[in-house]
Structures are given as structure tokens and as C-alpha cells.
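*Asks:* To start, I am sharing the structure in question, which I have written as C-alpha cells.
Protein chains: 2
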Amino acid sequence: MSANPVNIRRSALPARLSHYTHLTAEERGALEQAEQQERRLVAGALLVGVSAPIDSLFVVQQGWLHSSVTLANGARQILRFHYPGDLIGTSSIAWSQAATALTAVSDCIVTEVPKANLGRLFATHGRIGGLLYAIAAAESVALADRLTSIGRMNAIERLATLLLDIMARLRVTAGGVIDSFDLPLTQADLGDALGLTKVHVNRTFREMEARGMVTRNGRRVHIVDEKALIAFTGFVDRYAVIATEWLPAAA
Amino acid sequence: MSANPVNIRRSALPARLSHYTHLTAEERGALEQAEQQERRLVAGALLVGVSAPIDSLFVVQQGWLHSSVTLANGARQILRFHYPGDLIGTSSIAWSQAATALTAVSDCIVTEVPKANLGRLFATHGRIGGLLYAIAAAESVALADRLTSIGRMNAIERLATLLLDIMARLRVTAGGVIDSFDLPLTQADLGDALGLTKVHVNRTFREMEARGMVTRNGRRVHIVDEKALIAFTGFVDRYAVIATEWLPAAA
DNA sequence: CGATCAATTGACCGACCTCAAGAGGTGTGG
DNA sequence: CCACACCTCTTGAGGTCGGTCAATTGATCG
Numbered sequence: 001m002s003a004n005p006v007n008i009r010r011s012a013l014p015a016r017l018s019h020y021t022h023l024t025a026e027e028r029g030a031l032e033q034a035e036q037q038e039r040r041l042v043a044g045a046l047l048v049g050v051s052a053p054i055d056s057l058f059v060v061q062q063g064w065l066h067s068s069v070t071l072a073n074g075a076r077q078i079l080r081f082h083y084p085g086d087l088i089g090t091s092s093i094a095w096s097q098a099a100t101a102l103t104a105v106s107d108c109i110v111t112e113v114p115k116a117n118l119g120r121l122f123a124t125h126g127r128i129g130g131l132l133y134a135i136a137a138a139e140s141v142a143l144a145d146r147l148t149s150i151g152r153m154n155a156i157e158r159l160a161t162l163l164l165d166i167m168a169r170l171r172v173t174a175g176g177v178i179d180s181f182d183l184p185l186t187q188a189d190l191g192d193a194l195g196l197t198k199v200h201v202n203r204t205f206r207e208m209e210a211r212g213m214v215t216r217n218g219r220r221v222h223i224v225d226e227k228a229l230i231a232f233t234g235f236v237d238r239y240a241v242i243a244t245e246w247l248p249a250a251a
Numbered sequence: 001m002s003a004n005p006v007n008i009r010r011s012a013l014p015a016r017l018s019h020y021t022h023l024t025a026e027e028r029g030a031l032e033q034a035e036q037q038e039r040r041l042v043a044g045a046l047l048v049g050v051s052a053p054i055d056s057l058f059v060v061q062q063g064w065l066h067s068s069v070t071l072a073n074g075a076r077q078i079l080r081f082h083y084p085g086d087l088i089g090t091s092s093i094a095w096s097q098a099a100t101a102l103t104a105v106s107d108c109i110v111t112e113v114p115k116a117n118l119g120r121l122f123a124t125h126g127r128i129g130g131l132l133y134a135i136a137a138a139e140s141v142a143l144a145d146r147l148t149s150i151g152r153m154n155a156i157e158r159l160a161t162l163l164l165d166i167m168a169r170l171r172v173t174a175g176g177v178i179d180s181f182d183l184p185l186t187q188a189d190l191g192d193a194l195g196l197t198k199v200h201v202n203r204t205f206r207e208m209e210a211r212g213m214v215t216r217n218g219r220r221v222h223i224v225d226e227k228a229l230i231a232f233t234g235f236v237d238r239y240a241v242i243a244t245e246w247l248p249a250a251a
């Protein structure tokens, strides 16, 4: 364990940013100094509750989380999944209370970034600010894709799109090309993400198997023919590439 | 007409940012210099098509626009509405092609902001960068609210939420408190925004009238009892306040 | 004054929901 | 090491909200 809480080595955030553009050693250092103590969560643990006062963001280092809201009638909507390298809790930037709950899907490790540190980062390293803005824009488009999926697609297309989305996002971290992955979500979770009931998620999954689109083995999901599924859903990978040429050159 | 295309006076963007924090004269000048020529659009005109190569963003000065996508089966999803003071086309920051179409809902005026100018702005005025980031985070939460609405609410709640959302957003510009507004959208548009058909939007609107929630007169929509409607939908205004205390003080 | 578009209404349909029960798997305590 | 509790997955039967199709009305505009 190399747990120096202030100087985390090899944080997932600079690694993620490096995926899109070259960072100078100085920039990387500034990023790592913004991060503070580490928190470990077991699967299912709540990191932040809705309306909790909060003045930090978090960087996901390991594992999955999701952000969600629960309505007055008890219904839940899962808004987004978060993976290593994501800067999360961004709604606390705009307000001093959390707009959504953050829950660990699998066991995970996050590090805290106080808002003030982020402010300093924007002021002193505008290039990083621009890059964070670009990533936020890309995530916003991915969220819009989910909206489109729920608003205008049937159950099988929704589930297929979500599976492709998860796989695309895992690839940014995993590096290589993968065609299967462990899905640490219950069918109730999937339903809450897709605007369906768990019962219908089940039927939809079975229908996808019957059509030869996926196979399942426990939590493991295997995408049989990704190209065909992409053609079927019109899915677009929003994570693979992000333009950075509009940012000024590194100092 | 004071149409100097390079030095637009009183752009809506600095006015919007001033709504949330004080801008120095210098910051205001930098913002205004980033904006370039002005474009006027008639209602229904397409500003940017999907997949169009694009290396500018736009500031809405007057009127409404929306961003949308059209699926292979012809279905359309309207993702978001844009009002004066909004910086739009942000997906072109992350990629060199537009991810969504931008269409004028009413006659409107926009000014162009080349991506490179935005990059310079982030590098030289980090505080503005942080503020834009905060606004983007707030809009992302508003989009998540729409997602929740479509995923987990019935037709009447969805329409009510959208009407409240539009009114809240208009208030940022209109200033005062309003309880009615002109809705330049067809019922087909509303359906595409809500994940409903235009036929069902019609029935839903009539049901809302029958229940005494709204009255309509041509394009004019009047919210009868806003408090009750907010309680009914759980709507949260994401535009009224945005925290800025985490940004370093102005230089 | 015809043409076009938006709003409206009716009849019927179907994708997804609700309710309910059973099966399989896992952890825990006795 | 078994028994029980609990959770998730699975399947069936029947209901409903919103969709589809189609026709009519009303408004706007050359």
C-alpha cells in the first residue's frame, strides 16, 4: 500500500487526460496536487446522498459508481455510470448541495478534490480547464444519447445501446479491444437506467439471447457481433476521441 | 441597427455570466472579443446539421433554438432548448463534427465564437473558464432532469415539467417573475422533446386544462398555480442560482 | 379561394407494466 | 454442515398507458 493521501501517485485523472492530449510534467503535478484523501467504498455504498451539502468533487480511481435520483413515488432513475478517470460530483460545482446521489456499483476507490482546488486549477492551468470542459461536453452528448434512447427507442434497442455504451467506456481504461465484460448491475439497476421495469429487462435480455445478439454467463456479458449491434442501434462511441487542437499549446 | 460584426455591444453571454458573478471590465472585453460575426435565422432554419464539419460555437443573442437528432427510422428527439445567453454547439468542442442539429425555433440572432478563441479564453481567463464549466455542469443536471422525466414519469408529469423548465429558463433573461409565456413550439415538437407522439401531447394538454393546471390561448401558455405544479412534478429550477464562490477572486 | 399546416378527436392496438409465484444461488447462524 | 433468510432471476396472466391510423376542424398564407 502506497497510501500517501496527499501525493497520490499515478492518479487515474491525469492518465485519462493524457489519453486525449499530452500533459506536461508540470500540468500533471498540478492535477495530482489537487487531489486529496482517498476513500474506499464497498459495492452498494453511498458516497453522496441527494441534497447532502458538499464542497468536493471526486476522481474515480478504481471500480464503478452511478449517479441517480429517486422520485417522490419511489421510482429511481440512474443517470450515468462513472468509471476510473472520471471527475464526478460535478453538480456540486454549480451548487453547494448534491443534485444526485452517488453510489458504488462495485467496490471502488475515489479521491477527493475540493472545489477550491479545482478553481485554482482553472485559474492557473487554463489548458486543463479547457480539457475538462471538452470532456464535460462529450459526457453531455453521451447523456443526450441516453435521452434519445429512452425517448425514442424500444426496449431491445435501449438495452443494446447501454451495453455498447458500457463497453465503449470500459475500453478507454482497459486499453485493448474487448468483446465481453463483467456487468456488476442487477436487472433492476438496468431497468432504472433504461426507464424499464426489471421484469421487462429480463424479458428483453432473453430476447437478445434468442436473437443471438449476446450471450450471458453469470455477470459476464458477451457481445456476439458488435458491428451488427452498432448498425442495429445507431450507437456512436463518444469516448474514443476528443478534439484538443483548439486548446493553446502547452506552456 | 448597430451591426458592427466584430465588436458586438452588449452581447447576451457576458450579461448571462454577470447574472451569476461579477465580471471585471477586462473580462467582459475578452468575452466580447471572442465573439465574431452575427447570423440571423428565421424560425425553422437549420443553423448546423448533424455531422456537419464545424469549428465554431454560437452565442444565442435573441430567440430560441433547439438541438436534436433524427434516428434511422425517422423518429426525432429534441435534446435541449437554447435561449439568449446560452453558449451552444458545445459538442463541436469535443469533436470536429456536430453531434446534434441546431434549429431555430423562433426567429433568432446568434454570434459565432471560433473554437480557437474559446481556447484562448480558457488559457488567459481561467475564471471565465471555470464559470463556463459551472454553467455546463448545471445544464448537464437539467438534461439529467429531463432524462428522469422521460424515463420515470407519465405524460402529464413530463409535459408539466417541461413547461416549468421553459418558464424557469425564460426568467433568467426576462428578469421579473412571469406566469405565462409564448410557446413557439408545435405539439409535434413537444412530443419529440418528451418522447411522446403529437397526438398524445394534444390529449395531455387538454387533460391539463381540464384539471385546471394551465390555460392556453393560441401560443400563449399560462401556468395557473405554479407552486402546485412544482409540488406535483418535483421540479427543481436549475438556472436561478449557480455557485461561484469556489472560483478565485477576479484579478 | 384553394393549399398547407397545426390542432383535435375517435377507434383500436400493442409494448410495456403490474401482480404474483417459483427457482436458483449465496451467506449466515445454529 | 444443514436450514433458513434473502436476493436476483425467471415466467405467466392480465391490465393500461400511450401509439397508430384516420378523419375533421380551424388557422394561415399566398
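Chains as they are written, first to last, in UniProt numbering: chain A, 1 to 251; chain B, 1 to 251.
Built from N, CA and C at the ideal position, the CB exists for glycine as well.
None of these values were measured; they are calculated from a predicted model.
#1: Should Asn154 (chain A) be labelled buried (16 or more other beta-carbon atoms within 10 Å of its own) or exposed?
#2: If we cut at 8 Å on Cβ distances, does Gln187 (chain B) have a partner in chain A?
#3: I'd like to know whether the C-beta of Leu17 (chain A) is nearer than 8 Å to at least one C-beta of chain B.
#4: Who does Ala40 (chain A) pair with in a DSSP beta bridge?
#5: What residues match up with Thr70 (chain A) in a beta bridge as DSSP calls it?
#6: Going along chain A, which residues have a C-beta under 7 Å from Ala75 (chain B)?
#7: Taking Cβ to Cβ, would you say Ile93 (chain B) is nearer than 8 Å to Lys115 (chain B)?
#8: Is it buried or exposed, Ile54 (chain A), if we count other Cβ atoms within 10 angstroms and call 16 or more buried?
#9: Determine whether the Cβ of Gly234 (chain A) lies closer than 8 Å to any Cβ atom of chain B.
#10: Find the nearest neighbour of Gly195 (chain B) within the set B:Ala43, B:Gln61, B:Leu79, judged by alpha-carbon distance.
#11: What residues of chain B sit near Gly129 (chain A), judged by a beta carbon separation below 8 Å?
#12: Which class does Leu131 (chain B) belong to by DSSP, given the choice of helix, strand or coil?
#13: Check whether the Cβ of Thr90 (chain B) lies closer than 8 Å to any Cβ atom in chain A.
#14: Please confirm whether Phe122 (chain B) and Gly130 (chain A) have their CB atoms less than 8 Å apart.
#15: With Asn117 (chain A) as the anchor, note down where its alpha helix (DSSP H) starts and where it stops.
#16: Where DSSP assigns a beta bridge to Asp182 (chain A), which residues make up the other side?
#17: Whose C-alpha, out of B:Leu57, B:Arg220, B:Thr173, B:Ala193, is nearest the C-alpha of His19 (chain B)?
#18: For Arg169 (chain B) and Ile178 (chain B), what's the separation of their Cα atoms in angstroms?
#19: Identify the residues that DSSP records as bridge partners of Ile88 (chain A): which are they?
#20: Give me the chain A residues within the contact set of Arg171 (chain B), using Cβ-Cβ distance strictly less than 7 Å, ordered along the chain.
#21: For residue 332 (chain B) and Val42 (chain B), what's the separation of their Cα atoms in angstroms?
#22: Using three-state DSSP, classify Phe81 (chain A) as helix, strand or coil.
#23: What in chain B is Cβ-close to Gly119 (chain A), meaning under 7 Å?
#24: Taking buried to mean at least 16 other C-beta atoms within 10 Å of its own C-beta, is Ala99 (chain A) buried or exposed?
#25: Does the distance from the CB of Glu112 (chain A) to the CB of Arg40 (chain A) come in under 8 Å?
#26: Is it the case that the Cβ atoms of Val48 (chain A) and Ala101 (chain A) are separated by a distance below 8 Å?
#27: Mind checking the UniProt domain "HTH crp-type" (153–227) of chain B against chain A and listing, in chain order, the residues whose C-beta falls within less than 7 Å of any C-beta there?
#28: Is DSSP giving Pro14 (chain B) helix, strand or coil here?
#29: Note down, in chain order, each residue of its chain lying with its Cβ closer than 6 Å to the Cβ of Thr204 (chain A), except the 5 sequence neighbours on either side.
#30: Could you check the C-alpha separation between Val59 (chain B) and Gly44 (chain B) for me, to the nearest Å?
#31: For Ala98 (chain B), which three-state DSSP category applies?
#32: Using the beta-carbon count (16 or more within 10 Å), is Ser11 (chain A) buried or exposed?
#33: Would you kindly check if the distance between the Cβ of Asp145 (chain B) and the Cβ of Val241 (chain B) is under 8 Å?
#34: Could you tell me the boundaries of the alpha helix (DSSP H) in which Leu46 (chain B) lies?
#35: Hey, out of B:Pro84, B:His82, B:Ser67, whose CA is closest to Arg76 (chain B)'s CA?
#36: Check this for me: beta carbons of Thr103 (chain A) and Leu46 (chain A), under 8 Å apart or not?
*Replies:* Looking at the coordinates:
#1: Asn154 (chain A) counts as exposed, since fewer than 16 other C-beta atoms from the protein chains shown sit within 10 angstroms of its C-beta.
#2: Cβ-Cβ to chain A under 8 Å: no for Gln187 (chain B).
#3: no
#4: Contrary to the premise, residue 40 (chain A) reads as Arg rather than Ala in this sequence. For Arg40 (chain A), which the question treats as bridged, DSSP gives the partners A:Ile109.
#5: A:Arg76
#6: Going along chain A in sequence order, the residues near Ala75 (chain B) (Cβ under 7 Å) are Arg152.
#7: yes
#8: Buried.
#9: yes
#10: B:Leu79
#11: Simply Phe122, Gly126, Gly129, Gly130, Tyr133.
#12: helix
#13: yes
#14: yes
#15: That run of the alpha helix (DSSP H) goes 115–124.
#16: A:Arg220
#17: B:Thr173
#18: C-alpha separation (whole angstroms): 11 Å.
#19: A:Phe58
#20: Going along chain A, no residue has its Cβ under 7 Å from Arg171 (chain B), so there is no contact; the nearest lies around 17 Å.
#21: Examination of residue 332 (chain B) is not possible in this model, given that chain B is present from 1 through 251 alone.
#22: strand
#23: Gly130, Trp246, Leu247, Pro248
#24: By the neighbour-count rule (16 or more Cβ atoms within 10 Å), Ala99 (chain A) is buried.
#25: no
#26: Contact flag set, yes.
#27: Gly195
#28: helix
#29: Ala155, Ile156, Leu159
#30: 18 Å
#31: coil
#32: buried
#33: Asp145 (chain B) sits away from Val241 (chain B), with the two beta carbons spaced by 8 Å or more.
#34: Run containing Leu46 (chain B): none in the alpha helix (DSSP H); it sits in the beta strand (DSSP E), 46–48.
#35: B:Ser67
#36: Yes.
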